[in-house]
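A short worksheet on the structure shown next.
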Amino acid sequence: MEKIKKVAVSSLSKTIKSETLTYISKMNGQGVSNLHNLFITEVEKSLISAVLSHLGGNVTKTASYLGINRGTLIKRIKDYGISA
């Protein structure tokens with residue numbers, strides 16, 4: 010479990026650093042609340058990708074680890090275009 014946490018934190022850290030400018034450019038004057046939504050989406054996508062990869066693409070284990078329903082995870086994988 011500790012290794013998964015390190016992978017997830019590392020992935021999130023890289024996302025936060027590399028995506029900050031992307032968030033700002035996507036805002037185009039849309040306001041801070043939209044920035045928050047963009048940020049949360051990117052963080053969630055990165056976290057799902059990192060955990061899914063670490064668990065060898067096992068959707069059931071990934072959902073369990075993240076504390077979400079398997080169906081919800083499958084929907085988010087599809088919505089975010091993550092390859093499982």
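Under my numbering, read the sequence shown as residues 10 to 93, first letter to last.
For each residue, glycine too, the CB sits at the ideal point set by N, CA and C.
Using only alpha-carbon positions, find the residue among Asn-78, His-45 and Thr-71 that is nearest to Leu-56. The shortest C-alpha separation from Leu-56 is found at Thr-71.
Measure the CB-CB distance between Val-52 and Leu-61 and report whether it falls below 9 Å. Taking 9 Å as the Cβ cut-off, Val-52 and Leu-61 do not qualify as a contacting pair.
Return the first residue and the last residue of the alpha helix (DSSP H) that Ala-72 is part of. Taken as a continuous stretch (DSSP letters only), the alpha helix (DSSP H) holding Ala-72 covers 68-75.
Give every residue of the same chain whose Cβ lies closer than 8 Å to the Cβ of Leu-75, excluding the five residues on either side of it in the sequence, and list them in chain order. Closer than 8 Å at Cβ, skipping near neighbours: Leu-56, Ile-57, Val-60 and Leu-82.
If you drop the 5 nearest sequence neighbours on each side, which residues of the same chain put their C-beta closer than 8 Å to that of Asn-7? Residue 7 falls outside the range modelled here, since the chain spans only 10 to 93, and no answer is possible.
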